[in-house]
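Quick notes on the structure that follows.
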Amino acid sequence: MKLRLSLLLFLLSMYAFTQNSSIEGRVIDANTELPIEFANIILMKDDVFVKGTSTNETGGFEFEGLFNDTYVIRISYIGYADFEQIVILTGDLDLKNLKLKGYPESLDEVTIIATKPTITKKPDRLVFNIENTALVEGSTLGVLKNTPGVIVSDAGINIKSAPATVFINNRRVQLTTEELIQLLDNSPANSIKSIEVITNPPASYDADSGSVINIVMSKNLITGYRGNIATNFTQGVFPRYNASTSHFFKNDKINLNLNYSFSKNKTNRDNDDAVDFLNSGGAIEQLWLSKTNRNTWVENHNLNMSFDYFLTYQSTLSLTSTALYTPYFKYQINNKTNIFDADGNFISSFNALNTSRDNKYNIGTDLIFSHNFKNEASLSINGHFTVYDYEREQDVFQDELTDDDSDFNTLANQETHIYSGKVDYSLPIGDSSSFETGAKFSNVNTDSDITRLNNIGGSTVIDEANTDAFKYDESVFAAYANYSKSWDKWDLNVGLRAEQTNIEGESVTLSTTNTQDYLNVFPTLSVSHQLTDDVSISGNYKRSIVRPSYTNLNPFTLFLNENTRVLGNPNLLPTYIDDYKIGVEFLRYFTVEAYYMNFDGDIAEIPRQNNDTNIIEWTPVNLDNKVDYGFDFSCVYYPSRRYGFSAVLSIFNVNEEANFGNEVVELNQWSQLFIFTPYLSLLKDYSLNINANFWYVNKQLQNLQTIENQLISSINISKTILNKKGVLTLSVEDIFNMQDFDVAVNYLNQSSRGFMDLDNRFVKLGFRYNFGNTKLSTNERATEAEERDRIKDLD
């Protein structure tokens, strides 16, 4: 017995000993012998992934808690040949200096072998590395749909339930939601290095950034020229067309990226709506049933340019510009409404035809100077200017069953100028910490006017009550400091940002002026700790702000018809958000997080029905209180370059409260969200790739409205052809025809419901052809000022 016990203890001790070995080393440049930071290190056994890491500032890396066995170490870094070495581990092993050989600058082609996506978790973000993977054969929007935690829908791009702000190379893309989705859908993904899902942005980001998606573009490896042309055809309710071309050139002094796309689309939307107009006792007095068809015709030109001039080895002057021009936009609403009494007896009806034509352009330009000091500190100075011009001409005719018809026109104009300047300075402190600081000033100035002309008896008469001019001026002064440090198994990032905001909005005709003047501070904190090799914990806190958009503050009334209107609210105040999160990551693939978000004065655009006048007005208001809390369970599993998936289960509760004079409404709803994103690469050369995206959400609460179950589904297939210079793509959206949804309003004296049938079920066929040095990587980027996303169309 004692012998067996002794033998057991001996074996256990040997087991513990053999799993406590380590491998360390240092990665350097073979020519300069300088350390290479952020090189990817992968430890494999029998072609199965064991562990992965990246090199630190000194080029060092270490794997701990290993069994004594035979492994393969693979090292890769862009611009260098891959390194591979077999190691036989019998105890702690120091590999000393491992040298990577760089590709020669004059090389015509760099052969890149497809690899699987990798996931890196940091205290404040998740980094989804896709460079050289099959995912880059689609569009940028397609990559976002496959990024863990990101939800793409017609309503916008979200990180879970929170709207996400999109950056490219840490510079904000300032377009409306519709324009942004179109831009990303028309942009090829073959220049993307990684997607950063930043749930807790540091203080260097503007306080109104909220959650951030940062698209990191690859940098040019070698000199030369490359380009591509692409086109796609989409068949939804109506056909849609898109064509684009991209060009990249680099030599020892300049780096030029130029991208242009043109799209011509017609989209459809149908609504079935019902409104219960109530009497003073809360009983139904009239029932209005409406069928509405909306068609939109649009032609867009997008131009993006980035030009870098290398003044010296350490200094760069950059000019970037993004231009959007819409020469043709037609928006037509055809509404048929039948009116019944409480017993279902027909009373009356009317038809309304609303036709709008727009013309707009949006041009933003940045001039950036950046300098890297010898002590690895860096300085960046950025100046920005945006001009946005918008015109809308609207014709509305409402044909009543009686002779009380309505016929009117509106003319609306908006011109916006944005100026901003900022300075950022970053200083490394030792080998494991850094300090960042900076300041920014921005100014937004917009002039808007609207004129309504009533057609009465063949004559045109100005409607003074609905004619106005609005002037808006906003200035924001900001400064920040941020500190990050890594030690032992801890990572810390702490920052503080202060913003002084001055706003003045003047309604000229109404002789009313709204002024706001406030100073706020916005702290951020991220901390993580590696408990064991397989378990880490993290905690985050961030305070942010959402300022009202210029259009929301504009008091203009826009008419869909005489009974349905959209109007702004000049009394809106900003929303303040406090976001708390704690999480546990374990077994490399699994994460559990709990979060709590408190919205002080959340801005919500809601419908308000007037039971006396039978008019519905859509208007933005500040909710008194909103709380969103819940739990997220995620699994990200990419064991092979052949296949992988990510899955998220979110269980959350939303509580919204609003005060309408003497009436208070409080709504509460538990919801569940499930996301599944599989990935598959086929054929020996990995040239056939399949990506799918499925997410299901049950009943949820948004802006005092309940939205019923919704299943969003898509599948994307790509095949490289023509010696990998061409790519064919096929996409199918809304496979199960369950993306359309029911929405309802039911509180106090508000009672309505509707069904949204969007033009989101389609098949898309695309082709891209690459020419020139087709294996080059680029550092394509876009840059615009942070304020431009609050420019909205006058819908």
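The sequence shown begins at 10 in the numbering used here and counts up by one. Note that the Cβ used here is the ideal one computed from N, Cα and C, for glycine as well.
Using DSSP bridges, identify the partner residues of residue i.
i: TYR598; result: TYR598 pairs with nothing; no bridge assigned.
i: VAL206; result: LEU135 and ILE222
i: ARG180; result: ILE177
i: VAL284; result: TRP297 and SER761
i: ASP641; result: GLU602 and SER659
i: LYS728; result: LEU697 and LEU737
i: GLY69; result: ARG35
i: THR335; result: LYS369
i: ALA478; result: ASP458
i: SER272; result: ASN251 and ASN309
i: LEU193; result: BP columns for LEU193 are empty, so no partner.
What are the boundary residues of the alpha helix (DSSP H) that includes residue i?
i: ASN561; result: 559-562
Among residues of its own chain, excluding the 5 on either side of residue i, which ones have a beta-carbon nearer than 7 Å to its beta-carbon?
i: ASP101; result: SER30 and SER31
i: ASP543; result: PHE595, LEU596 and ARG597
i: VAL221; result: ALA173, THR174, PHE176, ILE207, PRO210 and TYR214
i: ASP526; result: ASN511
i: LEU98; result: SER30, ILE32, LEU75, ASN77, ASP78 and TYR80
i: PHE771; result: THR243, GLN244, GLY245 and GLU742
i: ILE342; result: THR301, ARG303, ASN363 and LEU569
i: PHE359; result: THR346, GLN407, ASP408, GLU409 and LEU410
i: LEU165; result: A small fix is needed here, since residue 165 is Gly in this sequence, not Leu. Correct list, in chain order: PRO172 and THR186.
The beta strand (DSSP E) that contains residue i, what's its start and end?
i: THR149; result: It is not in any beta strand (DSSP E) - THR149 instead sits in the alpha helix (DSSP H) that spans 149-154.
i: SER9; result: Since the first and last residues shown for the chain are 10 and 804, residue 9 lies out of range.
i: ASN157; result: What sits at residue 157 in the sequence shown is Pro, not Asn. From DSSP, PRO157 is part of no beta strand (DSSP E); its letter is neither H nor E.
i: GLN407; result: 387-409
i: MET314; result: 293-319
i: LYS259; result: 248-259
i: SER537; result: 521-539
i: ASP458; result: 442-465
i: TYR370; result: 355-381
i: PRO616; result: 612-619
i: GLN681; result: 672-691
i: VAL517; result: That residue, VAL517, is in no beta strand (DSSP E); it is neither H nor E in DSSP.
i: PHE242; result: 233-244
i: LEU2; result: Within the shown structure, residues of the chain are numbered from 10 to 804, placing residue 2 beyond reach of any answer.
i: LYS105; result: 102-109
i: GLN94; result: 92-97
i: VAL715; result: Residue identity check: residue 715 is Thr in the sequence provided, not Val. Run containing THR715: 714-716, per the beta strand (DSSP E) assignment.
i: SER45; result: It should be noted that the sequence gives Ile, not Ser, for residue 45. Segment: none, ILE45 is in no beta strand (DSSP E) and carries neither H nor E.
i: TYR550; result: 544-555
i: PHE417; result: 415-438
i: PRO211; result: Looking at the DSSP string, PRO211 is not in any beta strand (DSSP E), and its letter there is neither H nor E.
i: ASN631; result: 624-631
i: GLN709; result: 709-711
i: THR64; result: Premise fails: THR64 is in no beta strand (DSSP E) and is neither H nor E.
Round the Cβ separation of residue i and residue j to the nearest angstrom and send it over; I've been treating them as touching at under 8 Å.
i: LEU519; j: PRO583; result: At roughly 22 Å, the Cβ-Cβ gap does not stay under 8 Å, so LEU519 and PRO583 are not in contact.
i: LEU135; j: VAL206; result: 5 Å
i: ILE459; j: THR446; result: Contact doesn't hold; Cβ gap of about 44 Å is too wide.
i: GLU665; j: LEU757; result: At roughly 13 Å, the Cβ-Cβ gap does not stay under 8 Å, so GLU665 and LEU757 are not in contact.
i: PHE417; j: ASN463; result: 5 Å
i: LEU362; j: TYR481; result: Actually they are not in contact, since the Cβ atoms of LEU362 and TYR481 sit about 32 Å apart, beyond 8 Å.
i: PHE640; j: GLU614; result: With a Cβ gap of about 29 Å, PHE640 and GLU614 do not count as contacting.
i: THR276; j: PHE247; result: 7 Å
i: ALA212; j: GLU508; result: Between GLU508 and ALA212 the Cβ distance is about 11 Å, and since that is not below 8 Å, they are no contact.
i: ARG552; j: ILE591; result: Actually they do not touch by this definition, with Cβ atoms about 17 Å apart.
i: GLN295; j: ASN623; result: 7 Å
Ignore the nearest five residues each way along the sequence and tell me which others in residue i's own chain have a CB closer than 6 Å to its CB.
i: ILE51; result: GLY61 and ARG83
i: SER495; result: SER441
i: LEU689; result: TYR652 and ILE699
i: GLN748; result: ILE721 and ASN769
i: ILE377; result: SER327 and ASN391
i: ASP117; result: Bear in mind that a pLDDT of 39 at ASP117, under 50, signals an unreliable position, so the model cannot answer this.
i: PRO437; result: GLU385 and SER443
i: LYS110; result: ALA39 and ALA90
i: ALA701; result: PRO687 and ILE724
i: THR469; result: LEU462
i: GLU796; result: Any reading at GLU796 needs caution, since the residue's pLDDT is 43, under 50, leaving its predicted position unreliable; the model's value is listed next. Answer for GLU796: ILE427, SER451 and VAL453, listed in chain order.
i: ARG762; result: ALA283 and ALA753
Whole beta strand (DSSP E) runs in the segment 741-789 with 3 or more residues, listed along the chain?
With a minimum length of 3 residues, the continuous beta strand (DSSP E) runs that stay inside the segment 741-789 are 750-756, 759-767 and 771-781.
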